[in-house]
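Below: one structure, written as structure tokens.
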Ligand SMILES: Nc1ncnc2c1ncn2[C@@H]1O[C@H](COP(=O)(O)OP(=O)(O)OP(=O)(O)O)[C@@H](O)[C@H]1O
Ligand SMILES: [Mg+2]
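In this note's numbering, the protein residues as written are 352 to 658.
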């Protein structure tokens, strides 16, 4: 079953086409990265899913529900952190969570379990104001987990965090995904999506330019890094191989792309030509490589690669 399915979903703000004929499908159990640079329409899309914004045109379903009433019902089974949560600075993490639990109509057991899941059980007695940003964000996640949502929608959950805070959230999201929660996560970090998500849709100016499983995108020995004492002979050797071409350089290393994904065959071919390689290692493609190939652009994706 599709947990989220959008069909030609479109949102205009006046002359701005924020989301443009967006059609994506998120299946149960996926950790789905919704990746795009600033202003590409991520928050607008999430706003429509959550019922905060009305689409200009197009339709979508959430947890199988499609009509107005069904969507209201489905959203009760969705956990979302769209805005910075309003926690009380002088109350402890646990006390804050109890307030949320009361609103949601769940008990103390759910509070304890949520704190456990986000790794805050040991710090639940500390005041919110003493928490690091990463811990604050994890408490927000604990709040959304209280009602055991079938789908988590997270809008840039690592935004504003330091590297350690980002790591905490990434680890948590991965763990939640492994536990079977379907997660829809927006990000402008190629690198983050590559590490955390099982699937990705890349958004540019409101349009999806690529949607795929992450491991399918980056799989295979499609690239190798090669070096040899005689660099010129090496390059000529690679050029002479019918399935290989040099696509990049890293110092003395040549990065070659292999259409046949067969590094051993390249090695044999080079040896037959008398080129003895001193190093040959398969390279996974990065999501950034794929992004450039897909969009056919060498320009910056407008997204940060490294956090
Ligand atoms: N309330 C609004 N009124 C007018 N234009 C808006 C409004 N909200 C967003 N936009 C515009 O719609 C486009 C998409 O914005 P959106 O916030 O959805 O992008 P985003 O991908 O979430 O960006 P960011 O990474 O900065 O959060 C942008 O051009 C933005 O300026
Ligand atoms: Mg946004």
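Backbone N, C-alpha and C define an ideal beta-carbon position, used for all residues, glycine too. Note that the structure is a prediction, hence the values are computed from the model and not measured.
Can the beta-carbon of residue i be found closer than 9 Å to that of residue j?
i, j, result
"residue 428", "residue 501", "yes"
"residue 537", "residue 505", "yes"
"residue 551", "residue 561", "yes"
"residue 395", "residue 508", "no"
"residue 486", "residue 503", "no"
"residue 383", "residue 569", "no"
"residue 564", "residue 636", "no"
"residue 591", "residue 620", "yes"
"residue 631", "residue 618", "yes"
"residue 377", "residue 406", "no"
"residue 521", "residue 547", "yes"
"residue 512", "residue 479", "no"
So, for residue i: in the same chain, excluding its five sequence neighbours on each side, which residues have a beta-carbon less than 7 Å away from its beta-carbon?
i, result
"residue 367", "none"
"residue 379", "352, 354 and 533"
"residue 422", "402, 413 and 416"
"residue 391", "554, 555, 556 and 557"
"residue 531", "380"
Name the residue from the options whose alpha carbon lies nearest to the alpha carbon of residue i.
i, options, result
"residue 477", "444, 636 and 465", "444"
"residue 381", "394, 406, 568 and 355", "355"
"residue 468", "438, 423, 504 and 525", "525"
"residue 553", "371, 567, 387 and 360", "387"
"residue 557", "393, 473, 376 and 353", "393"
"residue 491", "415, 623, 599 and 449", "449"
"residue 474", "456, 493, 535 and 458", "493"
"residue 600", "626, 614, 582 and 437", "582"
"residue 425", "383, 447, 454 and 499", "499"
"residue 593", "616, 513 and 604", "616"
"residue 623", "638, 605 and 587", "587"
"residue 517", "529, 530, 527 and 489", "489"
"residue 642", "555, 612 and 627", "555"
"residue 398", "455, 454 and 535", "535"
"residue 545", "464, 527 and 567", "567"
Is any non-hydrogen atom of ligand 3 found closer than 8 Å to the C-beta of residue i, if you look at the structure I gave you?
i, result
"residue 364", "Among the ligands modelled here, namely ligand 1 and ligand 2, ligand 3 does not occur."
Starting from residue i, follow the beta strand (DSSP E) in both directions and report where the run begins and ends.
i, result
"residue 633", "630-634"
"residue 733", "Residue 733 is absent from the model: the chain starts at 352 and stops at 658."
"residue 549", "It is not in any beta strand (DSSP E) - residue 549 carries neither H nor E in the DSSP assignment."
"residue 509", "Premise fails: residue 509 is in no beta strand (DSSP E) and is neither H nor E."
"residue 606", "604-609"
"residue 409", "408-413"
"residue 574", "574-578"
"residue 354", "353-364"
"residue 405", "From DSSP, residue 405 is part of no beta strand (DSSP E); its letter is neither H nor E."
"residue 536", "533-538"
Locate the alpha helix (DSSP H) running through residue i, then write down its first and last residues.
i, result
"residue 455", "444-455"
"residue 520", "514-529"
"residue 465", "459-468"
"residue 587", "582-591"
"residue 480", "Premise fails: residue 480 is in no alpha helix (DSSP H) and is neither H nor E."
"residue 400", "393-400"
In its own chain, which residues sit with a C-beta less than 6 Å from the C-beta of residue i, not counting the 5 before and 5 after it?
i, result
"residue 589", "595, 597 and 607"
"residue 408", "361"
"residue 656", "At residue 656 the pLDDT is 49, less than 50, meaning the model places this residue with poor confidence and gives no usable figure here."
Looking at the structure shown, is residue i part of a helix, part of a strand, or coil, going by DSSP?
i, result
"residue 370", "strand"
"residue 567", "helix"
"residue 428", "coil"
"residue 378", "strand"
"residue 599", "strand"
"residue 423", "helix"
"residue 494", "helix"
"residue 485", "helix"
"residue 656", "Since pLDDT at residue 656 reaches only 49, below the 50 mark, its modelled position is unreliable, and the value read off the structure follows with that caveat. Here residue 656 sits in coil by DSSP."
"residue 505", "strand"
"residue 644", "helix"
"residue 471", "coil"
"residue 639", "helix"
Within the same chain, show all residues whose beta-carbon is closer than 8 Å to that of residue i, passing over the 5 residues directly before and after it, in chain order.
i, result
"residue 629", "578, 579 and 580"
"residue 459", "449 and 452"
"residue 410", "357, 358, 359, 360 and 417"
"residue 466", "444, 445, 448, 472, 475 and 493"
"residue 625", "584"
From the beta carbon of residue i, is the nearest beta carbon of chain C less than 9 Å away?
i, result
"residue 406", "Structure shown: chain C not included; a single protein chain is present."
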